[in-house]
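Following: one structure in structure tokens, then a few remarks.
Residue numbers (the working numbering): 57 to 320.
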């Protein structure tokens, strides 16, 4: 919280978000998801923060100025009840000033330990993305709006390319060009390099091994879980069942305490 409050000392900053790290890394799937999320936050989210185009704060650790919430309370309780409350709060902040990522502000949280749980989580996240994309293009300032357009293009082009390469091409009798998996894996190694170098609260050997061995596994998880969940979410936009606000959630973590202030 101290790091987030320091970022808020800039009066132009209307919201600040931290770095979520996975604590239940005793099995392979949460460890791979830790690699994915931490890498995104340390590279992609950091870049968007510097360019003033961050459109989603982490629900695990974020703070907002009081007026951002209170002045939009009616709209928030009505429209975001089951439709991406973290994203909606970030929208309010973007319309009033800057939203920044603070990787020094760390929070430890649990991630799904099963493929089924991960699939359901990503349907929720992707539903929020699809639901608000049109609003972002129409209402956000130029920088965030252009990023929203870029993300929308990727959200369409990447699944379409995968579907053509892995499904349509074989059905049409064409050769499957598996080289794209090698290109994708190498690109992910480069994009995830910040994890190996700077993922906090982890020994260097563990960071580098997770980066080296986990990246190819993450590519496979993208192919069979994350991308299908994103497409599935597109066809569930009329349903509000993916929302979690108001749901009863029970924690299952029984691991040892995490020394989050060890290097403070």
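We put the CB at the ideal spot given by N, CA and C, even for glycine.
- request: Starting from residue 109, follow its DSSP beta bridges and name the residues at the other end.
  value: Answer is none; residue 109 lacks a bridge partner.
Cβ neighbour criterion (16 or more within 10 Å) applied to residue 220:
exposed
Does the Cβ of residue 197 have 16 or more other Cβ atoms within 10 Å, making it buried, or fewer, making it exposed? exposed
Q. With 16 other CB atoms within 10 Å as the buried threshold, where does residue 58 fall?
A. exposed
For the stretch 231-250 and the stretch 94-109, state whether three or more C-beta atom pairs, one from each stretch, are separated by less than 8 Å. yes
Between residue 68 and residue 154, which are expected to be in contact by the criterion C-beta below 8 Å, what is the C-beta distance as a whole number of angstroms? 5 Å
Only counting the same chain, and skipping five residues up and downstream in sequence, which positions put a Cβ closer than 7 Å to that of residue 270? 87, 88, 91
Alpha-carbon to alpha-carbon, residue 199 and residue 166 = 32 Å
Should residue 107 go down as buried or exposed, given a rule of 16 or more other Cβ atoms within 10 Å for buried? exposed
With distances taken from CA atoms, which of 239, 150, 185, 274 is nearest residue 95? 274
CA nearest to the CA of residue 203, picked from 109, 118, 194, 262: 109
query: How about residue 112 and residue 142: do their beta carbons lie closer than 8 Å?
result: yes
- Query: Leaving out the 5 sequence neighbours to the left and right, which residues in its chain are closer than 8 Å to residue 287 when beta-carbon positions are compared?
  - Reply: 215
#### Entry: Buried or exposed (CB count within 10 angstroms, at least 16 for buried), residue 239
exposed
Measure the C-alpha to C-alpha separation of residue 117 and residue 266 and round it to an integer number of angstroms. 24 Å
What residue range is occupied by the uninterrupted beta strand (DSSP E) comprising residue 120?
118-120
**Q.** residue 70 to residue 260 span [Cα, whole Å]
**A.** 35 Å
With H, G and I counted as helix, E and B as strand and the rest as coil, what does DSSP make of residue 82?
coil
*Completely contained alpha helix (DSSP H) runs for the stretch 210-263, where each covers 4 or more residues*: 235-247, 249-254
Task: Simplified DSSP assignment, three categories, for residue 115 - done: coil
Requested in this report: Just tell me which of 185, 210, 268 has its CA closest to the CA of residue 146.
Outcome: 185
- prompt: Is residue 170 helix, strand or coil when you go by DSSP?
  reply: coil
Notebook entry, point to check: If you compare alpha carbons, which of 64, 83, 140 is closest to residue 183?
Noted result: 140
At the level of alpha carbons, what is the spacing between residue 83 and residue 194? 42 Å
Which residue marks the beginning of the alpha helix (DSSP H) containing residue 147, and which one marks its end? 141-152
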